[in-house]
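J.:
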Amino acid sequence: MHENNSFINTLDLINFVMKYSLLIGIIVSQLTCYSQVARQAVCFKGTSDSNVFDYPKEALSNTAFDGDWRGIFYGETHTLYFEVGLKYQLITHLNSQFGVRDVFMEIGYSAAFLYNQYLETGDTALLINPRLPYSLPVSNHRILWKRLYEYNKTLPTNLKLRIHGVDFERTEACKALLLLKPVENDIPKELQEVFSEVEELASSKGLQWNSMGFRKKFESICKALRSNDSETRKLFGDNYPIVKSIIENSKFSGFTKVRDDRMFNGMERIIQDYKIEKFVGMFGGDHTTLESSTALPTQFLKKAEYQGKIVTISSIYRNTHNPFTHTDINFLGPTSNGLKETTEIFEKYLTKECRAILIPTTKMDTPLNSIADYLLLVNDSQPVK
11 MHENNSFINT
21 LDLINFVMKY
31 SLLIGIIVSQ
41 LTCYSQVARQ
51 AVCFKGTSDS
61 NVFDYPKEAL
71 SNTAFDGDWR
81 GIFYGETHTL
91 YFEVGLKYQL
101 ITHLNSQFGV
111 RDVFMEIGYS
121 AAFLYNQYLE
131 TGDTALLINP
141 RLPYSLPVSN
151 HRILWKRLYE
161 YNKTLPTNLK
171 LRIHGVDFER
181 TEACKALLLL
191 KPVENDIPKE
201 LQEVFSEVEE
211 LASSKGLQWN
221 SMGFRKKFES
231 ICKALRSNDS
241 ETRKLFGDNY
251 PIVKSIIENS
261 KFSGFTKVRD
271 DRMFNGMERI
281 IQDYKIEKFV
291 GMFGGDHTTL
301 ESSTALPTQF
311 LKKAEYQGKI
321 VTISSIYRNT
331 HNPFTHTDIN
341 FLGPTSNGLK
351 ETTEIFEKYL
361 TKECRAILIP
371 TTKMDTPLNS
381 IADYLLLVND
391 SQPVK
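Numbering (this note's numbering), first residue to last: 11 to 395.
Dropping the structure here:
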């Protein structure tokens, strides 16, 4: 009797293994596949004394962008050279391969409107007087937007790029308000005085977005437009939704948390309004680090529909130029661990044949592991002549 029970138990075990072996095999193969993907670093070949570098599209598709993601955040340094070229490659790659057309940037709603107009028309007057953020004429920025315009011309309507701004408004806001007013619409009596102020501010030269004078006048204009909502709606017609976003975004704050919350709320609203399935966000590293509870990717990851579907990339640039201080510096990026540690990271991971390298932080022995899913180490270069 004991022997029969043993035989039956053995048969049961064999049947169980045969029944579930296929399922187990599939699960194991998938786990193996993902672990192999996660281990791969991606090399951008090129040298630091050249603006030319190879963009490893296929490798990136099979590593950083492999999987069921909804949003990719690139934590940038706002530098002028390699990063600008990378933005073009990243935007066009995600558009052509994954159908991503929505690009969120650290700019205001008015700047986004003007950039979208430029991508549609190619009119460079939209980029100047005042100069839009990230459109410096002496660097690769103008080349970036020109290349994006040329690329955008080739796309069908359903894939054309859409730039979204969710940060505070700058001096280009009044220029945008003038362009948003349909030519055929007369200015109502209640708005004639305030619209004269819009025209005056739009034509002013040398305005600084952070000057008390500009911010006070701009807030006064927005308050008047908000107070006369019915007339404002009639004046701007179909363009009113964009105008509403601008005039409700008039207040400036230098506090990262305030900006994070404001930008996150703006992104959520835009994603819902446009029914966006996948997007890419390009913001300064302070707004994308996973170490911050208010940073944009952190706030998205708190929502059930985005858990496990956000990819974050943080960048450190070596031998670069700080456009804010106009100085050449050794490193720019999340280098709070000090010069010595950052130097060691570059020496350990960035090989000579790579202009830049993208590494999964889980495979790096560095205190920077907790800031992002991937760390991009870059030897920066000089501007295009």
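Positions of the beta carbon are idealized from the N, C-alpha and C atoms, including for glycine.
Thinking C-alpha only, which one of T361, T353, T335 and T308 is nearest H88?
T.: H88 has its Cα closest to that of T335, out of T361, T353, T335 and T308.
J.: Start and end of the beta strand (DSSP E) containing R172?
T.: Here the beta strand (DSSP E) through R172 covers R172 to G175.
J.: Of the residues V290, Q317 and I257, which one's Cα is nearest the Cα of N238?
T.: That would be I257, whose Cα lies nearest to the Cα of N238.
J.: Taking the continuous beta strand (DSSP E) assigned at I153, which residues delimit it?
T.: Per DSSP, I153 belongs to no beta strand (DSSP E); it is in the alpha helix (DSSP H), H151 to K163.
J.: Pair every Cβ in the stretch 85–105 with every Cβ in the stretch 380–390, then say whether three or more of these pairs are closer than 8 Å.
T.: Contact between the stretch 85–105 and the stretch 380–390 is present, because at least three Cβ pairs lie under 8 Å.
J.: Strictly by DSSP, which residues pair up with D112?
T.: Answer is R172.
J.: To the nearest angstrom, how far is the alpha carbon of Q99 from that of F224?
T.: Taking the straight line from one Cα to the other gives about 36 Å.
J.: Measuring straight from C-alpha to C-alpha, what distance separates N259 and L70?
T.: Those two C-alpha atoms are separated by around 36 Å.
J.: Can you tell me whether A382 is buried or exposed, with buried defined as 16 or more other CB within 10 angstroms of its CB?
T.: Buried.
J.: Can you check which of these residues, T371, I153 and M222, is closest to V321 by C-alpha distance?
T.: Closest by alpha carbon: T371.
J.: Taking only the alpha-carbon atoms, compute the straight-line gap between T131 and A74 and give it to the nearest angstrom.
T.: Distance between the alpha carbons of T131 and A74 is about 33 Å.
J.: Looking at the unbroken alpha helix (DSSP H) that takes in N126, where does it start and where does it end?
T.: It spans Y119 to T131 - the alpha helix (DSSP H) in which N126 sits, taken as one unbroken run.
J.: Near R180, which residues of its chain fall below 7 Å by C-beta distance, leaving aside the five closest residues on each side in sequence?
T.: Cβ neighbours of R180 beyond the five flanking positions: G118, A121, P143 and W219.
J.: From this set, S230, M222, E241 and G216, which residue's C-alpha is nearest K191's C-alpha?
T.: Per the Cα distances, E241.
J.: Measuring CA to CA, which of F123, Y250 and T376 is closest to V176?
T.: Closest by alpha carbon: F123.
J.: Since R225 is in the beta strand (DSSP E), which residue starts that stretch and which ends it?
T.: Segment M222 to S237 is the alpha helix (DSSP H) holding R225; no beta strand (DSSP E) there.
J.: Evaluate the contact criterion for the stretch 190–204 versus the stretch 161–170: three or more CB pairs, one atom per stretch, below 8 Å.
T.: Result no; under three Cβ-Cβ pairs closer than 8 Å.
J.: Take the Cβ of N340 as the centre, count every other Cβ of all protein chains shown within 10 Å, and call the residue buried at 16 or more, exposed below.
T.: Per the 10 Å Cβ criterion, exposed.
J.: Spatial neighbours of Q50 within its chain, please: CB distance less than 8 Å, with the 5 preceding and 5 following residues excluded, ordered by chain position.
T.: Answer for Q50: A69, N72, T73 and P370, listed in chain order.
J.: Name the residue from T376, P377 and K362 whose alpha carbon lies nearest to the alpha carbon of C53.
T.: Of T376, P377 and K362, the residue nearest in Cα terms is K362.
J.: Would S324 and P307 qualify as a contact pair, given that the criterion is a beta-carbon distance under 8 Å?
T.: Contact: no.
J.: Which term fits D248, buried or exposed, when burial requires 16 or more other beta carbons within 10 angstroms of its beta carbon?
T.: Exposed is the call here.
J.: Use the C-beta contact count for K350: other C-beta atoms within 10 angstroms, 16 or more gives buried, fewer gives exposed.
T.: With fewer than 16 other Cβ atoms within 10 Å, it is exposed.
J.: Under a Cβ-count criterion, where at least 16 other Cβ atoms within 10 Å of its own Cβ denotes burial, should N275 be classed as buried or exposed?
T.: Exposed: under 16 other Cβ atoms inside 10 Å.
J.: Does the Cβ of S255 have 16 or more other Cβ atoms within 10 Å, making it buried, or fewer, making it exposed?
T.: Buried is the call here.
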